[in-house]
Amino acid sequence: MTEGDGSEHEGSHRSGGEWTRQKLEVLEKYLVAYTQVLKNQPFRTAYIDALAGTGYRADADLPPASEQVIFPDLAADEPQELLDGSASIALRLERAFSKYIFIERSRARCAQLEKLKDEFADRASDIEIVQGDANDEIRPLCAKNWQHHCAVMFLDPYGLQVEWSTVEAIAQTRAVDLWLLFPLGIGINRLLPKHGEIPDSWRRRIDLFLGTDDWYEEFYRVEASPTLFGTKDEQLVKAGMDVIGQYSLERLGGVLPTSPSPVFFETAQAALSTCFALPPRTRGGPSQYYLPFPPGRAEQLLVHHCIRLF
Numbered sequence: 000m001t002e003g004d005g006s007e008h009e010g011s012h013r014s015g016g017e018w019t020r021q022k023l024e025v026l027e028k029y030l031v032a033y034t035q036v037l038k039n040q041p042f043r044t045a046y047i048d049a050l051a052g053t054g055y056r057a058d059a060d061l062p063p064a065s066e067q068v069i070f071p072d073l074a075a076d077e078p079q080e081l082l083d084g085s086a087s088i089a090l091r092l093e094r095a096f097s098k099y100i101f102i103e104r105s106r107a108r109c110a111q112l113e114k115l116k117d118e119f120a121d122r123a124s125d126i127e128i129v130q131g132d133a134n135d136e137i138r139p140l141c142a143k144n145w146q147h148h149c150a151v152m153f154l155d156p157y158g159l160q161v162e163w164s165t166v167e168a169i170a171q172t173r174a175v176d177l178w179l180l181f182p183l184g185i186g187i188n189r190l191l192p193k194h195g196e197i198p199d200s201w202r203r204r205i206d207l208f209l210g211t212d213d214w215y216e217e218f219y220r221v222e223a224s225p226t227l228f229g230t231k232d233e234q235l236v237k238a239g240m241d242v243i244g245q246y247s248l249e250r251l252g253g254v255l256p257t258s259p260s261p262v263f264f265e266t267a268q269a270a271l272s273t274c275f276a277l278p279p280r281t282r283g284g285p286s287q288y289y290l291p292f293p294p295g296r297a298e299q300l301l302v303h304h305c306i307r308l309f
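In numbering that gives the first Met the number 0, the protein residues as written are 0 to 309.
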């Protein structure tokens, strides 16, 4: 996401390819089931899409293997096929949400999102476009009284824009089913150089995202191997994507019950690996809180519908 007030020129907004189709298909099937379960319940429902982009995910063919770039969303514009994004998916469901909230930092992308009101004119009065930082907008929203409300929130950050305090605020509502695409490769992993010398600004970004500063010892370890001269050669070794993913999910599971079988989407480049985690139940406690799906039901939906890649 471009820094600044969002008024500057922005290039192609892309999140790329088959893996994008798959994660959006999973979301759509879940939303269909969610709205079906809630159709006769006395609750106001909301679909909240932070980092909403233009409401579409752009798809472009990858260049030949020899020309592939690590981060294709930063590459020059290419011919694209626009795919329906999460915003459009939520709006075209047969059973409507009571409210649709789309949060986007970019002024230009907000202007594009406003066009959804024309495309879905029958639901225009229920659509709210909010220009602002996702963290600044979500936290006060979560601080409201949720006793008679419930929501699905979709967070698809390209990098590490979502701060841990925001995840904690979402958990405290006990009323929001959170879909968070954990950016393992394009987020955390790219800020972890093999040599382990991480700039302070990168460290702070990871600290804010994971809500702790003890991750370094988990992601880097010192290995000693004997030499021909009887001494030990120490070498700093960076953890693999599996370790980074497991640690991140354990952190998330500490505040939100996460799916025991998260879905992993893998693109042609490891740098774009994304871990898809869904909390099967985000509330409990007082009986007045409504649970859209009984324990395990959301997990069943996920297992039944998702494409398992590995």
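Using N, Cα and C, we set each Cβ at its ideal position, and we do this for glycine too.
Euclidean distance between Cα positions of residue i and residue j
i	j	result
Pro279	Pro256	Confidence at Pro279 is low in this model, with a pLDDT of 40, below 50, so the placement of that residue is unreliable and no value is reported for it.
Glu222	Lys237	10 Å
Arg91	Gln234	54 Å
Gln40	Leu30	16 Å
Ser286	Gln171	For Ser286, the predicted structure reports a pLDDT of 28, less than 50, and the residue's modelled location is therefore unreliable. The matter cannot be settled from this model.
Arg173	Val166	12 Å
Asp213	Gln35	42 Å
Leu61	Ala142	Here the model assigns Leu61 a pLDDT of 28, short of 50, so the residue's position is not dependable, and the following value carries that caveat. Cα to Cα, Leu61 sits roughly 43 Å from Ala142.
Leu251	Leu154	14 Å
Ser97	Cys109	21 Å
Asp117	Arg106	18 Å
Met240	Asn188	7 Å
Phe101	Pro225	57 Å
Thr44	Asn144	13 Å
Asp48	Ala120	19 Å
Range of the contiguous alpha helix (DSSP H) that encloses residue i
i	result
Arg138	133-141
Val242	240-252
Gln171	163-172
Arg204	199-209
Beta bridge counterpart(s) of residue i as assigned by DSSP
i	result
Cys149	Thr44
Arg220	Val236
Ala32	Its beta-bridge partners do not exist; DSSP assigns none.
Leu154	Ala49, Leu179
Contact check, residue i vs residue j, beta carbons under 8 Å
i	j	result
Leu207	Glu162	yes
Ala95	Arg122	yes
Leu50	Ala86	no
Phe42	His194	no
Ala348	Tyr33	One cannot answer for residue 348 here, as it falls past the ends of the chain, which runs 0 to 309.
Leu159	Gly131	no
Tyr246	Glu217	yes
Val129	Met152	no
Ile169	Ile197	no
Lys22	Leu180	yes
Leu183	Ile243	yes
First and last residue of the uninterrupted beta strand (DSSP E) at residue i
i	result
Leu180	175-181
Ile347	Outside the shown range of the chain (0 to 309) lies residue 347, about which nothing can therefore be said.
Minimum Cβ-Cβ distance from residue i to chain D less than 8 Å
i	result
His148	Of the protein chains in the structure, only one exists, and it is not chain D.
Could you tell me which uninterrupted beta strand (DSSP E) segments, each at least 3 residues in length, are contained entirely in the segment 85-123, listed from first to last along the chain? 98-103
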